[in-house]
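Trainee: Here our numbering is used: the first residue of the sequence shown is 227, the next is one more, and so on. Cβ atoms here follow ideal geometry from the backbone N, Cα and C, with glycine treated the same way. I am attaching a structure below and will ask some questions about it afterwards.
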Amino acid sequence: MAEYEYVLSSIDGAVGIVTLNRPKQLNALAGPMMRELVDALEGLDANQDVRAIVITGGPTVFAAGADIKDMSDATPVDMLLRNNIGLWDRLKKVSKPLIAAVAGYALGGGCELAMLCDIIVAAENARFGQPEINIGLMPGAGGTQRLTRSIGKFLAADMILTGRMLSAEEALQHGLAARVVPHELIVDEAVRLGKQLAKQPPVALRLAKEAITRAFEGRVDDGIEFERKTFYLLFATQDAHEGMQAFIERRQPTYQGR
Ligand code: DAK
């Protein structure tokens, strides 16, 4: 098994497990971590012994979003050239079922990562949100499209425009989470579900996953293209840099509308 700095990759029976492992920063998704995550997932996808894959941060936190410190000085061109989005696109090509095992915060890119998976299992302490608006940004990795399709326009707008978070029970009620489990059991329950999937016929599993993804994402790519460009564009605003700097300095932002 490959060695990584920011993620742990392991196998339990026929289930691959990738654990985000940057707990002091609440698993904020820095660039190198994203690269490792995608490499680890592709490695497990290519392994014939693995039939399903769990992505988790363990029982405390899933991921509090992209690393704001990485982005606070970025220009739109910096964001474009970093090509982190190319990494997200690779995640969409994983052919085996992906289970997000979410405990604690799944915010911004963390929530978007969970929504790239096929099934979301939430711990009772899970908190889902797209709070980018609070730092002068908007979702940039599919949140405006996938959240809206998952829970409906009006609740998605409430979350994206105000930064409101959903509890695990609310996520279950509105179709974002498929199951809620006690937080100390989050990984065990997700692996148990993975083992159940691993017993299913692999070709049918793969094609059914693809069909569901097509149902969910048909023409969503146009929306994601629009979202991505507007996300980059926000890096040309003073307010985005003020919002991110205020987060880093732990103060309230002052927005000028510029
Ligand atoms: N980035 C960097 N550091 C973070 C972080 C983040 N997103 N979230 C938390 N941390 C760090 C904090 O700075 C702190 O570090 P130290 O100061 O101790 O060194 C540590 O984690 C613990 O955080 P707190 O002290 O803030 O903990 P609290 O329990 O008080 O608060 C919180 C927890 C999750 C409510 C709070 O940390 C928070 O609001 N975090 C930010 C959440 C957020 O705004 N997330 C969205 C980020 S923007 C892209 C597409 C999409 C994206 C990027 C690129 N492309 C198209 C290229 C995605 C963007 C985002 O996700």
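For I545, report the span of its beta strand (DSSP E) as first-last.
Mentor: There is simply no residue 545 to check, as the chain begins at 227 and stops at 484 in what is shown.
Trainee: Got a sec? Which residues, its chain only, sit under 6 Å from L234 by beta carbon, not counting five neighbours each side?
Mentor: If you number the sequence shown from 1, residue 234 lands on position 8. If we look at L234 and ignore the five residues flanking it on each side, its Cβ neighbours are T245, N247.
Trainee: Use the C-beta contact count for F461: other C-beta atoms within 10 angstroms, 16 or more gives buried, fewer gives exposed.
Mentor: Residue mapping note: residue 461 aligns to position 235 of the sequence shown, counting from 1. Burial call: buried.
Trainee: Taking V303 as part of the alpha helix (DSSP H), name the residues at either end of that continuous run.
Mentor: The residue you call residue 303 lines up with position 77 of the sequence shown. Here the alpha helix (DSSP H) through V303 covers 302–308.
Trainee: Under three-state DSSP, which class holds S298?
Mentor: Position 72 of the sequence shown, counting from 1, holds the residue named residue 298. Residue state, collapsed to three classes: coil.
Trainee: My understanding is that R432 touches V347, with C-beta atoms under 8 Å, so please give their C-beta distance in whole angstroms.
Mentor: The residue you call residue 432 lines up with position 206 of the sequence shown. The residue you call residue 347 lines up with position 121 of the sequence shown. Not confirmed; about 20 Å, so no contact.
Trainee: Work out the CA separation of L423 and P479 for me, nearest whole Å.
Mentor: Here residue 479 refers to the residue found at position 253 when the sequence shown is read from its first residue. Here residue 423 refers to the residue found at position 197 when the sequence shown is read from its first residue. Each residue's Cα considered, the two are about 46 Å apart.
Trainee: Do you know how far the Cα of D414 is from the Cα of D238?
Mentor: Residue 238 sits at position 12 when you count from the first residue of the sequence shown. Residue 414 sits at position 188 when you count from the first residue of the sequence shown. Straight-line Cα distance between these residues: approximately 10 Å.
Trainee: Using only the heavy atoms of ligand 1, determine whether one of them is closer than 7 Å to the beta carbon of Y331.
Mentor: Position 105 of the sequence shown, counted from the start, is the residue given in the question as residue 331. True, at least one ligand heavy atom lies under 7 Å from that Cβ.
Trainee: Say yes only if the C-beta of I311 is nearer than 7 Å to one or more non-hydrogen atoms of ligand 2, and no if none qualify.
Mentor: Only ligand 1 can be found as ligands here, which leaves ligand 2 out of the picture.
Trainee: Less than 8 Å between C-beta atoms, sequence neighbours within five positions excluded: which residues of the same chain meet that for A290?
Mentor: In the sequence shown, the residue the question calls residue 290 occupies position 64. Within the same chain, A290 has close Cβ partners Q251, L252, N253, A254, Y331, L333, G334, G336.
Trainee: Quick check: does the Cβ of G196 come within less than 7 Å of any heavy atom belonging to ligand 1?
Mentor: Residue 196 is absent from the structure shown; the chain starts at 227 and stops at 484.
Trainee: Could you pull out every residue in the same chain whose Cβ sits closer than 7 Å to the Cβ of Q471, ignoring the five residues on either side in sequence?
Mentor: What you label residue 471 is simply residue 245 of the sequence shown in a count that begins at 1. For Q471, where only same-chain residues beyond five positions count, the Cβ hits under 7 Å are S298.
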